[in-house]
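When the sequence shown is numbered by the working numbering, its final residue is 261 and no position is left out of the sequence of numbers.
Virtual Cβ for every residue (Gly too), placed ideally from N, Cα, C.
Since the structure is predicted, the reported quantities are computational estimates derived from the model, not experimental observations.
Before any comments, here is the structure.
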Amino acid sequence: MLEQARTAFVASLHVWGVSFAIVTAIELLAPRSRYPVDGRLHGLLFWTIWLAISALTYALFRGIWATIGVAPLIVLPTGARWAGPLAVVVAPILGALVYDFFFYWCHRAQHRWLWRYHAVHHSIREMSAVNAWHHPVEPLLQVLLIAIPTSLIASEAAPVVPVALMLMQLQSQFIHSPTRWHFGPAAAVLVDNRFHRIHHSVEERHFDRNFGAFTTLWDRLFGTVWMPARDEWPDTGIAEVDQPRTLRDWVMLPADYDRAVGRNVERTVAAQRI
-12 MLEQARTAFV
-2 ASLHVWGVSF
8 AIVTAIELLA
18 PRSRYPVDGR
28 LHGLLFWTIW
38 LAISALTYAL
48 FRGIWATIGV
58 APLIVLPTGA
68 RWAGPLAVVV
78 APILGALVYD
88 FFFYWCHRAQ
98 HRWLWRYHAV
108 HHSIREMSAV
118 NAWHHPVEPL
128 LQVLLIAIPT
138 SLIASEAAPV
148 VPVALMLMQL
158 QSQFIHSPTR
168 WHFGPAAAVL
178 VDNRFHRIHH
188 SVEERHFDRN
198 FGAFTTLWDR
208 LFGTVWMPAR
218 DEWPDTGIAE
228 VDQPRTLRDW
238 VMLPADYDRA
248 VGRNVERTVA
258 AQRI
């Protein structure tokens, strides 16, 4: 089990590191917003710690799953003859759709029942590839609500799975990026930085919108979509709740949640619920 966990941990660090480097380069090449260096340094500290916790959590899960020998309950026929050479395209897309379905509902649960923890992520006012961290306990929730159910669904074209994971991680960091680059017409289907910024908006009309991380499909299907206008780029964060600047603030914000709500006359914290 320890060997599987170690391998998964190293692989996760590589995937996150590559995607971080690519998205950071995009931000520098085509910035839409310029954030102070100190904000990025704080973000880098939190992101590094959160990355290590996330990678370790998922690595332990994969190690335990491999040791137990849990087999998928459903196998997607992406390697069947009908797919042919298109399997390398079909399999990642189907895998991403399945993952995003569980992510969508996990995300909604975070807003409805676990907001005091998820509010840490939404408190970020200077979003970027490095400023996309969550509270340290959220990786465990994502294992329970996303990793476990998706592990029970496999693809016949298994070798393409790492490619899909790499692309999805790249996208998950890009959607927090303050860059002028976006997906253009493809944003009608694929989540980009403009679409996800609506989700982080301080404007009440945007609350509880755009939960998907890969595709707009599930938001459209379940009635939570808000397609941004061409130049719609709202401020982000939570009114009356400061973005964490210290490790203590980052870890303890959930414990300070009631105090934050109590002084939040606009009630923007409590409103972030379905």
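Limits of the alpha helix (DSSP H) - the one that residue i falls within
i    : result
L204 : 204 to 208
H121 : H121 -> no alpha helix (DSSP H), and no H or E assigned at all.
T137 : 135 to 138
N180 : 180 to 186
L128 : 125 to 129
CB contact flag (residue i, residue j, <8 Å)
i    : j    : result
I40  : I140 : no
T211 : F201 : no
V117 : T11  : yes
L32  : W3   : no
R196 : R19  : no
G224 : R112 : yes
F263 : Q160 : Residue 263 falls outside the range modelled here, since the chain spans only -12 to 261, and no answer is possible.
P165 : M239 : no
Helix, strand or coil at residue i according to DSSP, with G and I counted as helix
i    : result
H1   : helix
V228 : strand
I61  : strand
A141 : strand
T211 : coil
L101 : coil
A242 : coil
T11  : helix
Contact with chain C by residue i, beta-carbon distance below 8 Å
i   : result
P79 : The chain inventory of the structure shown lacks chain C, comprising one protein chain alone.
Closest by C-alpha distance to residue i, when choosing among the options
i    : options          : result
H1   : L152, G50, V189  : L152
V178 : Q156, P126, E190 : Q156
A175 : E219, R207, V77  : R207
R184 : A83, R217, F89   : R217
W213 : H193, P126, P172 : H193
Query - Every unbroken alpha helix (DSSP H) inside the region 15 to 56 [4 residues or more] - result: Secondary structure in the region 15 to 56: the alpha helix (DSSP H) runs of 4 residues or longer, each lying completely within the stretch, are 24 to 55 in chain order.
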